[in-house]
């Protein structure tokens, strides 16, 4: 099986006003199945960007619908298409409409699916200046039908009504460009309030959780515009008592100070009752750093009895991977699946990402060895850097201390003296232990230590709660990390147990010891905090998907890694030669990536669906489908 290029412009970099990134590149592999049937594997690497060089992806928004000819109700539409530039005539810009895929949205039954192509033209001079027209040929399996719009004034978005040449059917299209798309999930303090107007009872906020997709759809010189798709929030009950769904827009920018403008159309279901309402924000000044989002939203109008309010706190992440100080026995499933140790790398979705033995076994370390901090290393092979909870003897590496940085490949990445030596301690360089760890994009290791010591070079004590660099500097002191909080003992060093650094410079972290804050109340050692002064997620909320049988108030948080669309890979992965074994084909790759996810589509023009979990690995086995093995197109999304 030979790898060659597939559509090199499919995911080429495109300039953006926001820090949104793409991994360019693509590959195509062709071969033959064991029974002579064709096996076609196409791998396209994508990062955050949805548009190729010169191409623009458009997504339908609320208000798009298809009306059949004759009698029959209109059906809501969802879908995508691409505009590909073509040579224009005089003052007209012309685009080919490519990879059109529309589906009807209905409560029950299979959706009606259209595929097609066409052309779009905008521009003109004289009486036709600033006009647009769209022509499509769509087929739902019963034969092609042509739809044509009339000339109308062009705007930043596409909003046109098209009529079928035959049959009387019509399309109403409202589409926005999708320059990038990030998945957001809620964090602590997201809540819904049904404020009763006629009663004097106390209003009780209901915590809600969920997520949405945020799509950058352009903007003006003053404001960037984002589209909210697929918002869904629930109260977590089974069955849920509160369900909130919908979409809308967010605008960020301003002439003097940064402002935010939210407008969401949401359907709120409370038990058996339901109503659709428009929500707008009451706080125009953002209180959190981009890309974090925070908004206090209020329903416009309400009804005669109540008015809805929604406090939405969200961050761009797909999963949180973490280790705990205490192990746990998961209660999910019909029976416990076995005890998890503090060495297991877990996901907040309730799965084990990397078993602890996969980290320890290459170095010959026993299963009961504790793992503390960890980080995923670039390279596409799923290599994990980690620290130990205590010193141990390895038949492969010899004596390793709790201050050494090890690898899941069975090697020592850095001895403790190499990490702390640049901080300038009096010889011999002491072993200060190693707690939290991160390979920063600058090439430095950022870390925290377990034992305080005085640095002659810096002329200060190095504390357990300081965030340090292997080049010999203090990135953040413990007082700076907690500067936006108000602990009961502000002079105490509470230690630094885990951390994650966002591209904006915001740091999420956990502590060795808890404290009481004047605003947030008790803060546990396993709670995830932000240096901007808010609680990101409580420890029990983090481990809740595992339903631990142990009755603990806090399981600790020793390590954290976040899969986020806001944190791009350093470059594109490189596809290696696919391997065919006894169990079928296996895709393999390497390159400066940490996490991948494989997506699949049976047709290149159709939307891709998730085919694998998020993988800290360098290979994935294709599922055996049909007598000749898997056929179709596979896309690799990388972080």
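In the numbering used here, the protein residues as written are 2 to 640. Beta carbons: idealized from backbone N, C-alpha and C, even for Gly.
Label residue 611 either buried or exposed according to how many other C-beta atoms from any shown protein chain fall within 10 Å of its C-beta, with 16 as the threshold for buried.
Burial check for residue 611: the Cβ neighbour count within 10 Å stays below 16, so the residue is exposed.
Is it buried or exposed for residue 517, if we count other Cβ within 10 angstroms and need 16 for buried?
By the 10 Å Cβ count, residue 517 comes out exposed.
Please determine, among 575, 71, 158, the residue with the shortest C-alpha to C-alpha distance to residue 592.
Measuring from the Cα of residue 592, the nearest candidate turns out to be 575.
So residue 532 and residue 485 are in contact, right, with Cβ under 8 Å, and what is the actual spacing, rounded?
7 Å
Can you give me the start and stop residues for the beta strand (DSSP E) that residue 548 sits inside?
First-last for residue 548: undefined, no H or E at that position.
Within its chain, find whatever has a CB closer than 6 Å to the CB of residue 115; leave out the 5 residues flanking it on each side and keep chain order.
103, 139, 141
Can you look up residue 27 in the DSSP assignment and give me helix, strand or coil?
Residue placement at residue 27 is flagged as unreliable, the pLDDT there being 33, under the threshold of 50; the coordinate-derived value follows with that caveat. In this structure, residue 27 counts as strand in the three-state DSSP scheme.
With a CB to CB cut of under 6 Å and the five nearest residues on each side skipped, what residues in its chain are close to residue 168?
70
For residue 24, count the other beta carbons within 10 Å of its own beta carbon; 16 or more makes it buried, fewer makes it exposed. Which is it?
For residue 24, the predicted structure reports a pLDDT of 28, less than 50, and the residue's modelled location is therefore unreliable. A value from the coordinates is still provided. Buried.
Taking only the alpha-carbon atoms, compute the straight-line gap between residue 621 and residue 171 and give it to the nearest angstrom.
44 Å
Return the CA-CA distance between residue 108 and residue 76, expressed in angstroms with no decimal places.
Straight through space, the alpha carbons of residue 76 and residue 108 are spaced by roughly 11 Å.
Within 10 Å of its beta-carbon, does residue 157 have 16 or more other beta-carbons around it, so buried, or fewer, so exposed?
Residue 157 is exposed by the Cβ-count criterion.
With 16 other CB atoms within 10 Å as the buried threshold, where does residue 467 fall?
buried
Out of 159, 318, 352, state which residue places its alpha-carbon closest to the alpha-carbon of residue 331.
352
Mind checking who residue 1 pairs with in its DSSP beta bridge?
Here the chain comprises residues numbered 2 to 640, so residue 1 is not present and cannot be evaluated.
With DSSP run on the structure shown, which of helix, strand or coil describes residue 41?
Bear in mind that a pLDDT of 48 at residue 41, under 50, signals an unreliable position, so the number given afterwards is only what the model happens to contain. Reduced to three states, the DSSP call for residue 41 is strand.
Going along the chain, which residues of its own chain have a beta-carbon closer than 6 Å to the beta-carbon of residue 418, five neighbours each way excluded?
Cβ neighbours of residue 418 within its own chain (closer than 6 Å, five residues either side excluded): 430.
Could you say if the stretch 543-558 and the stretch 581-595 meet the contact criterion of at least three C-beta pairs nearer than 8 Å?
Using a C-beta cut-off of 8 Å, the stretch 543-558 makes no contact with the stretch 581-595, since fewer than three inter-stretch Cβ pairs fall below that distance.
If you count every other CB in all the chains shown that lies within 10 Å of the CB of residue 608, and 16 or more means buried, which is it?
exposed
Using 8 Å as the threshold, is the C-beta distance between residue 94 and residue 136 below it?
no
Quick check on residue 293: does DSSP put it in helix, strand or coil?
coil
Checking the sheet assignment: what are the DSSP bridge partners for residue 135?
121
Please name the residue in 327, 302, 255 whose C-alpha comes closest to that of residue 286.
255
Mark residue 130 as exposed unless 16 or more other C-beta atoms lie within 10 angstroms of its C-beta, in which case mark it buried.
Exposure of residue 130 is indicated by the presence of fewer than 16 other C-beta atoms within 10 angstroms of its C-beta.
Let's test the definition: count the other Cβ atoms within 10 Å of the Cβ of residue 87 and tell me whether it reaches 16, buried, or not, exposed.
exposed
Could you check what DSSP says for residue 490 in three-state terms: helix, strand or coil?
coil
What is the DSSP secondary structure of residue 560, counted as helix, strand or coil?
In the three-state reduction of the DSSP assignment, residue 560 falls in the strand class.
Can you pull the DSSP bridge partners for residue 315?
187, 294
What is the DSSP secondary structure of residue 609, counted as helix, strand or coil?
Looking at residue 609 - three-state DSSP - the assignment turns out to be coil, as it is neither helix nor strand.
Identify every residue that forms a DSSP beta bridge with residue 148.
In the DSSP output, where bridge partners are listed per residue, residue 148 has 137, 165.
Cα separation between residue 192 and residue 207?
Approximately 5 Å between the Cα atoms of the pair.
Reducing DSSP to helix, strand and coil, say where residue 454 ends up.
strand
Alpha carbon to alpha carbon, what distance is there between residue 500 and residue 401?
23 Å
Start and end of the alpha helix (DSSP H) containing residue 209?
Run containing residue 209: none; DSSP gives neither H nor E here.
To the nearest angstrom, report how far apart residue 355 and residue 343 are at their CA atoms.
12 Å
Rounding to the nearest angstrom, what Cα-Cα distance links residue 319 and residue 507 in this structure?
18 Å
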